[in-house]
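Worksheet for the structure shown next.
Numbering (this note's numbering), first residue to last: 44 to 426.
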């Protein structure tokens, strides 16, 4: 049973959200448009179609998206059917055979890329004029020189929980597959005292010395975290003019947190199979909270996902909802008495608390100097 304030509950392997997905994140298009480039017959030079070649009637257009949001290109063409389509990004064939190509997870490194499509009817072909993909970075600015850094997280599938073969397995870690169906953004770091002070006008933290803008805020209840997020949402157009329409600031669901922490890892800890490597990655067995972002991040660039502070999640604590197949976007039980926390705190040393799958819980009104939170920007999620 759960007795606040000390979180108690765990992880293990899971079929990574697909290493293929992770590679697609790097390329920005591989997961949706991945494939082999191929040579079409009867090629005609760009801009000089031959009689009988397909004709592009509505060409692709320049497209601007915010990083982490899908970019879609389309073309309309006439000619002898069936028509086939070969899309290229910077000259690299991306293989989709349809009139629409979606790059599911473009990053700023793809900004300025040239996109073309070659339409073929088997006898001849025509290639569109190049258009440009612009990827604007997502920035949240709370004040001059005070950003709220967010990391784009690609949608995908993960096995939550841990195997009974895991020596640290706990009964509430029943393995089950979940799908995160939309890209979202997670705080690169825990919310800091400077960010909290700017938004809320106070600083409840126990560890304020030596002063540092990178110290995480602690001693915040679940409801305190919600109040912070409500203020962000009330001023979203000021803080984040490029925030995707329909997205809101909120706490991560438990599934989103575990998915993002694991970042495709099959290991108990996000840094590997051996807990002993933790000093490079996590503040564990310390005397208090430590500044954020000083250690090595996980594969997706998130810092301090284990150690330092326990992190509030949106869900009520309870048994996992187990379904046959893959459970899309689970949000936990509709009611409960304790809210989920994840990640483990600075004072603990037992390896079990810092596994990707470990589940902690506390009453939502509890105050402790080893708990904080990080934000998510994503579609609303309610039980």
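Idealized CB from N, CA, C, for every residue including glycine.
With fewer than 16 other beta carbons inside 10 angstroms of its own, residue 328 counts as exposed.
Judged by DSSP in its simplified three-state form, residue 270 adopts helix. Between residue 191 and residue 265, the alpha-carbon positions lie close to 20 Å from each other. Membership of residue 238 in the alpha helix (DSSP H) is indicated by the continuous run 236 to 243. Under the 8 Å Cβ criterion, the stretch 398 to 408 does not count as touching the stretch 321 to 338, having fewer than three qualifying pairs. Per DSSP, reduced to three states, the secondary structure at residue 151 is helical. In the three-state scheme derived from DSSP, where H, G and I count as helix and E and B as strand, residue 199 is classed as strand. Per the Cβ contact rule, the stretch 228 to 235 is in contact with the stretch 257 to 264 (3 or more Cβ pairs under 8 Å). With a beta-carbon spacing of about 6 Å, residue 164 and residue 126 fall inside the 8 Å limit used to define contacts. If you draw a 10 Å sphere on the C-beta of residue 109, you find 16 or more other C-beta atoms in it, and that means buried.
In the three-state DSSP reduction, residue 314 falls in the coil class, being neither helix nor strand. For residue 280, the enclosing alpha helix (DSSP H) has its first and last residue at 279 to 282. Burial of residue 195 is indicated by the presence of at least 16 other C-beta atoms within 10 angstroms of its C-beta.
Per DSSP, the unbroken beta strand (DSSP E) holding residue 186 starts and ends at 184 to 186.
Classified as exposed, residue 253 has fewer than 16 neighbouring CB atoms from the shown chains inside 10 Å of its CB.
Collapsing the DSSP output to three states places residue 389 in coil. Bounds of the alpha helix (DSSP H) holding residue 300 are 297 to 305. In this chain, residue 251 is not harboured by any beta strand (DSSP E), its DSSP state being neither H nor E. Between the alpha carbons of residue 238 and residue 417 lies a distance of about 11 Å.
Bridge partners of residue 354 according to DSSP: 385, 415. The C-beta distance from residue 161 to residue 185 rounds to 46 Å, too long to fall under 8 Å, and the pair is not in contact. Note that the C-beta distance between residue 383 and residue 360 is below 7 Å.
Counting the other Cβ atoms within 10 Å of the Cβ of residue 118 gives 16 or more, which makes it buried.
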